[in-house]
Amino acid sequence: MSTSVTNTPPPIVLVFAGTDPTGGAGLQADILTLASLGCHPLSVVTAVTVQDTVGVDDFFPMEAEWIADQARSVLEDMPVAAIKIGMIGSVEAVAAIAEVVSDYPDIPLVLDPVLSSGRGDPLANEELMAALIDLLFPQTTVLTPNSIEARRLAEGVGDDDDDDDDDEEVDRDSEAAPDLADCARELIDLGCEFVLITGAHEQGAQVVNTLYNTRGVVHRQTWERLPGSYHGSGCTLAAAVAGFLALGQDVAEATKEAQAYTWQTLKHAYRPGMGQFIPDRMYWVHGDDEKA
Ligand code: PXL
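Using the working numbering, the final residue of the sequence shown is 329, and nothing's skipped along the way.
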């Protein structure tokens, strides 16, 4: 019997990301997340990393032309409902991706500004940050920085006030919300339509994630802080936002649903190696085998 030609394809999401052989972060995280949500992932490789669950040892950026060619071939063939961009290995690649996506201004774009791995291994330098800001922020529907990335990006690449000096830091006992609200405003002024800042790196018994747009806070969600150190939580969240947008939700709803989904993946995370936990994007397949 011949295969039916009438099956409707699921919503299609185009991902630009670096590979992660652990399956924890990067392209593999995005593919698992999108598949779990019922989307069809298209995957454009931007870089190849060498890493385990402890840290990133090295990465090899894909040539910009190869990135653009991968993307154009699938964009011309299939209807893409959302685009997600993760790690980009070079300034040239940022420019190439920016040029490709500029031909599709109606497709919502989720940008995860990956600056370093969970352990802190650098995955982007100042020049690459500047290119992200100049070329991709103005095309971004939802930017998904964690609070560290939000501060670094908002601080600007010009002033070299590196790293985590404590002088700027807010009172540890209060939420860093005012500070992060200022960052969000700056990131929005740089061209992003919405900014979802995640708060797992902030102090506090709970994790507070806030969505902003030009008018300020759109919503603020509070989550029980889970105990593990997770590899690929940011990738999972950003891919899930893209997935829910592709499924037809608006940004406010998609960012809420994506948080709920990601929290479940972290709750069900497992530790397959000697380093970080890996979120279980397929938790609903594996079921609940918690003993406690
Ligand atoms: O979690 C950020 C991230 C994104 N993409 C790749 C990564 C990492 C973190 O390690 O390796 C490929």
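Glycine included, each C-beta is placed from N, C-alpha and C at the ideal position.
For residue i, would you say it is in contact with chain C, using Cβ-to-Cβ distances shorter than 8 Å as the test?
i	result
L248	Going by chain labels, chain C is absent from the structure shown, which holds only one protein chain.
I'd like to know whether the C-beta atoms of residue i and residue j end up nearer to each other than 8 Å.
i	j	result
G60	T83	no
V255	A221	no
V85	F97	yes
D95	C272	no
Y336	Q296	The structure shown does not extend to residue 336, since the chain is modelled only from 38 to 329, so the question has no answer here.
V131	L173	yes
T90	Q313	yes
A62	G285	no
I125	F53	yes
A161	I234	no
K293	L263	no
Below 8 Å on the Cβ atoms is my guess for residue i versus residue j; work out the distance and round it to an integer in Å.
i	j	result
T181	A275	4 Å
R257	V245	6 Å
Y267	P309	Actually they do not touch by this definition, with Cβ atoms about 13 Å apart.
CB-CB under 6 Å to residue i, same chain, minus the five flanking residues each way: which ones, in chain order?
i	result
V111	L79
V87	D94, D95
A135	L172, L173
A119	V50, P145, A279, L282, A283
H238	N183, S184, I185
R318	L69, T70, S73, T302
A101	E129, A130, A133
Q227	The sequence as given places Leu at residue 227; Gln does not occur at that position. Counting only Cβ-Cβ distances below 6 Å, and skipping sequence neighbours, we find I170, F174.
A66	G269, C272, T273
Q176	V138, L146
D106	none
Y249	A221, V232
P48	C76, A118, A283, L284
If you draw a straight line from the C-alpha of residue i to the C-alpha of residue j, how long is it?
i	j	result
A291	V278	5 Å
G75	F231	24 Å
C229	R109	23 Å
A242	W260	9 Å
G324	I68	20 Å
G155	V42	43 Å
H103	A306	Checking the sequence shown, residue 103 turns out to be Trp, not His. Spanning the two alpha carbons is a distance of roughly 34 Å.
E223	V138	23 Å
A191	V117	30 Å
A168	Y141	19 Å
G253	L217	11 Å
I122	V151	9 Å
What residues in its chain sit with their C-beta under 7 Å from that of residue i, if we drop five residues either side in the sequence?
i	result
E205	Low confidence applies to E205: its pLDDT is 41, below 50, so where it sits in the model is not reliable enough to give any reading.
P46	H77
T251	I225
D158	G92, V93
Grouping DSSP H, G and I as helix and E and B as strand, with all else coil, what is residue i?
i	result
E261	strand
S110	helix
D171	helix
Q313	coil
T292	helix
Q94	Note that residue 94 is Asp in the sequence shown here, rather than Gln. Reduced to three states, the DSSP call for D94 is strand.
V128	helix
Q240	coil
Q88	strand
G63	helix
Hey, is residue i close to ligand 2, as in C-beta under 7 Å from one of its heavy atoms?
i	result
Q88	Of the ligands one can find in the structure shown, namely ligand 1, none is ligand 2.
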